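What follows is one structure encoded as structure tokens, with my remarks underneath.
Chains as they are written, first to last, in the numbering used here: chain X, 102 to 396; chain S, 5 to 367.
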């Protein structure tokens with residue numbers, strides 16, 4: 102009896118050691134993988150507030166000089182850079198425009214593909230994936246031509262439309278999966294309870310696919326915010342440039358690279374997506390998807 | 005609240021005839037069960053009545069009004085789904101209030117009705133919770149409350165008890181039946197559980213492969229099954245069904261199953277003879293109409309005890325008769341052991357004979 106007790110006591114101890122060891126290895130690997138990224142962001146931050154960084158990211162001499170673009174135009178070499186706020190607004194308009202168009206169309210298209218009997222649905226879905234494999238840049242000239250015909254060249258709308266159009270298929274794919282997960286019974290129940298098809302869609306189904314809406318919205322916002330090549334191609338007026346192009350202007354002249362300014366601007370550039378992410382996260386992720394027994 | 009009439013109702017999914025030419029009428033305030041194995045078309049029929057599916061052919065009437073092409077939202081039916089289909093993002097109160105809000109009822113009236121039905125369903129203390137915070141039984145009550153709150157013309161239930169545990173199911177069976185009688189709401193109840201159908205419904209529509217097999221009261225289904233399918237489906241343990249031939253023999257009538265022969269009363273034999281298309285029959289007898297005797301008697305079936313299944317109140321004796329296994333129901337306490345030789349005395353007034361070719365009952 103003593104023996105079996107001994108084993109009984111010892112066994113979990115080994116288990117504990119194994120578990121701790123396992124966790125240590127896991128955390129070690131994850132830390133090693135994320136460390137370079139963390140160090141890079143740390144460098145970015147330190148560089149933006151110090152005159153000079155030593156050995157990687159140790160700051161020396163605090164300065165707010167890098168952030169001077171926030172309160173006035175910046176003279177950069179011989180060039181006077183446009184003020185940052187209208188540029189930021191341009192980026193926001195593009196990002197929110199892409200988000201708005203992409204989310205609203207993807208929500209309807211995803212619902213249709215999930216619930217209605219659409220001819221050639223499966224081939225259509227496969228086609229979307231195949232088309233997505235081609236880089237968007239291959240369409241650059243064709244899109245330019247179309248936008249020119251439509252008289253949209255050199256407007257923010259041109260970038261919004263082009264970007265949204267290219268992102269919608271994938272967003273539709275994504276959101277369709279969320280619609281698929283909503284049980285038919287719940288929708289049928291809404292119809293029986295007195296909803297029209299449209300009412301059932303927005304009163305019952307949409308609240309249940311909020312996490313999907315959030316996912317699509319975040320992707321769309323990032324796509325619009327990060328957009329560079331279309332903005333560079335379709336927009337000629339520097340006043341309409343988004344932030345992504347503005348930053349390029351900062352490193353255009355190699356002789357004068359002001360790393361403090363560049364780091365501060367880059368950091369500034371990365372804040373809105375983070376804010377957007379946090380907002381959508383909070384608003385959308387708290388959704389009870391359980392509570393439908395047997396579904 | 006209303007009479008329901010299904011007139012030649014059919015639903016085809018491509019080549020598959022899910023429901024084929026269904027005709028039946030349901031009286032005002034009647035409790036009707038659609039009973040059948042899975043895939044028999046009972047849920048499809050229910051969804052057509054709810055308006056979720058559009059019939060391929062046929063019409064649906066509420067009283068004298070043809071509602072075949074009316075949208076589900078305008079039919080004023082209440083429905084309880086097998087999965088309950090509660091709205092997970094709404095609290096219990098809002099779940100129940102949802103149909104009333106859509107009807108744009110005044111707020112205080114909605115409040116009054118929700119509280120009234122919640123009290124009736126004994127869930128008035130749960131109104132502030134989300135569906136995920138409820139047990140299966142509570143969710144079921146919420147679903148029922150939501151279906152009842154709008155004073156629906158017809159209450160539709162799709163296997164509402166199948167997700168509950170056995171004890172709760174039996175409890176809810178009685179409660180649902182009482183509630184239905186109190187509210188006098190025309191109710192259609194879909195189930196594959198014959199006990200549920202038998203115990204609750206005024207009338208049962210037995211369906212198989214999209215077709216109506218028989219539509220009558222529980223007693224009649226049990227005592228006078230219209231065909232082999234109904235005979236085999238209703239009753240537990242099921243009716244013994246044995247292949248046999250029917251023939252005249254020296255002035256009398258014989259059921260010959262090869263391993264045993266039973267002589268019929270002349271009157272009954274005449275009826276069988278007149279209604280039969282050939283000689284091939286299926287002979288049917290319920291286990292409780294088989295008496296076990298321990299000595300050879302005239303007109304009995306000889307066999308050996310194969311296995312005993314005690315059920316507490318009853319005892320099922322499986323008797324092997326050559327190739328057949330016949331189940332007989334008796335009271336516990338008899339001294340039987342596997343291997344014993346026994347004779348089965350059939351209550352000949354209560355046997356069933358089906359025409360093998362048509363499947364229909366002859367007597």
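From the three backbone atoms N, C-alpha and C, an ideal C-beta is built for every residue, glycine too.
Bear in mind that the values here come from a model prediction, so they are computed numbers and not experimental data.
What residue range is occupied by the uninterrupted alpha helix (DSSP H) comprising residue i?
| i | result |
| --- | --- |
| residue 212 of chain X | 185-216 |
| residue 350 of chain X | 344-351 |
| residue 264 of chain X | 257-281 |
| residue 277 of chain S | 270-279 |
| residue 243 of chain X | 241-250 |
| residue 289 of chain S | Careful: residue 289 of chain S lies outside any alpha helix (DSSP H), inside the beta strand (DSSP E) at 284-289. |
| residue 225 of chain X | 222-234 |
| residue 76 of chain S | Here residue 76 of chain S belongs to no alpha helix (DSSP H), and DSSP marks it neither H nor E. |
| residue 290 of chain X | 285-293 |
| residue 371 of chain S | In the structure as shown, chain S starts at 5 and stops at 367, and residue 371 of chain S therefore has no counterpart that could be examined. |
| residue 236 of chain S | 232-237 |
Quick one: residues in its chain with C-beta nearer than 6 angstroms to the C-beta of residue i, no 5 flanking neighbours on either side, listed in chain order?
| i | result |
| --- | --- |
| residue 288 of chain S | 235, 243, 245, 356 |
| residue 354 of chain S | 293 |
| residue 176 of chain S | 165 |
| residue 392 of chain X | Here residue 392 of chain X scores only 41 on pLDDT, less than 50, and its place in the model should not be relied on; the value that follows carries that caveat. Here the set comprises nothing. |
| residue 271 of chain X | 233 |
| residue 192 of chain S | 36, 160 |
| residue 72 of chain S | 63, 64 |
| residue 363 of chain S | 231, 232 |
What are the boundary residues of the beta strand (DSSP E) that residue i is part of?
| i | result |
| --- | --- |
| residue 311 of chain X | Residue 311 of chain X -> not in any beta strand (DSSP E); alpha helix (DSSP H) instead, spanning 311-327. |
| residue 250 of chain S | 244-253 |
| residue 351 of chain S | It is not in any beta strand (DSSP E) - residue 351 of chain S carries neither H nor E in the DSSP assignment. |
| residue 161 of chain S | 158-162 |
| residue 332 of chain S | 328-334 |
| residue 294 of chain S | 294-297 |
| residue 336 of chain X | Here residue 336 of chain X belongs to no beta strand (DSSP E), and DSSP marks it neither H nor E. |
| residue 258 of chain S | 256-260 |
| residue 84 of chain S | 81-84 |
| residue 152 of chain X | 151-155 |
With distances taken between CB atoms, is the gap from residue i to residue j smaller than 8 angstroms?
| i | j | result |
| --- | --- | --- |
| residue 265 of chain X | residue 248 of chain X | no |
| residue 211 of chain X | residue 306 of chain X | no |
| residue 231 of chain S | residue 365 of chain S | yes |
| residue 310 of chain X | residue 279 of chain X | yes |
| residue 297 of chain S | residue 304 of chain S | yes |
| residue 283 of chain X | residue 208 of chain X | no |
| residue 373 of chain X | residue 326 of chain X | yes |
| residue 3 of chain S | residue 89 of chain S | This structure cannot speak to residue 3 of chain S, because chain S is shown only from 5 to 367. |
| residue 175 of chain X | residue 362 of chain X | yes |
| residue 12 of chain S | residue 27 of chain S | yes |
| residue 254 of chain S | residue 325 of chain S | no |
| residue 138 of chain S | residue 131 of chain S | no |
| residue 200 of chain X | residue 321 of chain X | yes |
| residue 195 of chain X | residue 254 of chain X | no |
| residue 215 of chain X | residue 281 of chain X | yes |
| residue 139 of chain X | residue 206 of chain X | no |
Below 7 angstroms CB to CB, which residues in the same chain sit around residue i once its five sequence neighbours on both sides are set aside?
| i | result |
| --- | --- |
| residue 226 of chain S | 238, 239 |
| residue 189 of chain X | 344 |
| residue 340 of chain X | 183, 187 |
| residue 114 of chain S | 101, 104, 105 |
| residue 280 of chain S | 250, 359, 366 |
| residue 128 of chain S | 119, 122 |
| residue 146 of chain X | 368 |
| residue 48 of chain S | 15, 22, 23, 57 |
| residue 195 of chain S | 37, 39, 163, 201 |
| residue 149 of chain S | 100, 121, 122, 125, 127 |
Ordered along the chain, which non-local residues of its own chain (more than five positions away) have a Cβ less than 8 angstroms from that of residue i?
| i | result |
| --- | --- |
| residue 300 of chain S | 306, 347 |
| residue 198 of chain S | 39, 237, 238, 239, 240 |
| residue 300 of chain X | 291 |
| residue 92 of chain S | 134, 135, 136 |
Is any heavy atom of the ligand ATP found at a distance shorter than 7 angstroms from the C-beta of residue i?
| i | result |
| --- | --- |
| residue 365 of chain S | No copy of the ligand ATP occurs in the structure displayed, which carries no ligand at all. |
Tell me, please, whether the region 237-250 of chain S touches the region 48-68 of chain S by the rule of three or more beta-carbon pairs shorter than 8 angstroms.
No: the two stretches stay apart, fewer than three of their Cβ pairs being nearer than 8 angstroms.
Validate contact between the region 128-146 of chain S and the region 327-337 of chain X using beta carbons, cut 8 angstroms, 3 pairs
no
Inspect the CB distances between the region 193-213 of chain S and the region 262-271 of chain S and report whether three or more fall short of 8 angstroms.
no
Does the contact criterion of 3 or more C-beta pairs under 8 angstroms hold for the region 64-82 of chain S versus the region 292-306 of chain X?
yes
Extract the residue ranges of the alpha helix (DSSP H) inside the region 8-72 of chain S, only unbroken runs of 4 or more that lie entirely within it.
46-54
Entirely within the region 185-218 of chain S and at least 3 residues each: give me those beta strand (DSSP E) ranges in chain order.
190-195, 207-212
For a minimum of 4 consecutive residues, which ranges assigned as the alpha helix (DSSP H) are wholly contained in the region 107-162 of chain S?
111-124, 140-152
On the three-pair Cβ rule with 8 angstroms, is the region 335-349 of chain S touching the region 308-317 of chain S?
yes
Of the residues that make up the region 288-300 of chain X, which ones have a beta carbon closer than 9 angstroms to any beta carbon in chain C?
Chain labels in this structure do not include chain C; the protein chains are X and S.
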